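In this note's numbering, the protein residues as written are 3 to 144.
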């Protein structure tokens, strides 16, 4: 699933993903459209712009699709300062502008994480979410 309010960029992403063997189940430009697609299609992966037509709703969309559908999320942003603390459950962030190679590498990284539940090599220009690299707290023995 692609959630991006710049129509040309969304079309470019859709083309790159299709050429990479992905089935793009829908494109949305705002929160309402994204939630309709997510409920109908239950995607494995969502590329979500942080700042959409209806404001900074990307993190809300991410939290919802992660919690409700177990969807992996990668944020896209031209404004890294808008990345939410903790990344709202996203795997990481790609800063705009980006190229086809970056998107292909990030999608391959996300697919590996979805299938294996493990991190592969972090793609260039991809900022990994801190929750993936912070060890869980130790549980003290009784």
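Beta carbons are placed, not taken as given, at the ideal position from N, Cα and C, and that holds for glycine.
These numbers were taken from a predicted model, which means no experiment stands behind them.
Exercise for the section: Kindly indicate which three-state DSSP category residue 39 falls into: helix, strand or coil? Expected result: helix
Handout entry: Nonlocal neighbours in the same chain, by C-beta distance under 6 Å from residue 80, ignoring five residues either side
Key = 98
Problem - Proximity to residue 13 [Cα-Cα], best of 92, 70, 74 and 49 - result: 49
Handout entry: Distance between residue 85 and residue 39 (C-alpha atoms, nearest Å)
Key = 23 Å
Handout entry: Cβ-Cβ distance between residue 15 and residue 4 below 8 Å
Key = yes
Exercise for the section: State the beta-bridge partners of residue 51 as determined by DSSP. Expected result: 78
Handout entry: Exposure label - residue 23; buried when at least 16 CB within 10 Å
Key = exposed
Exercise for the section: Determine, using beta carbons only, whether residue 91 and residue 76 come nearer to each other than 8 Å. Expected result: no
Exercise for the section: Determine the closest residue to residue 64 out of 107, 6, 123 and 101, with distance taken between C-alpha atoms. Expected result: 6
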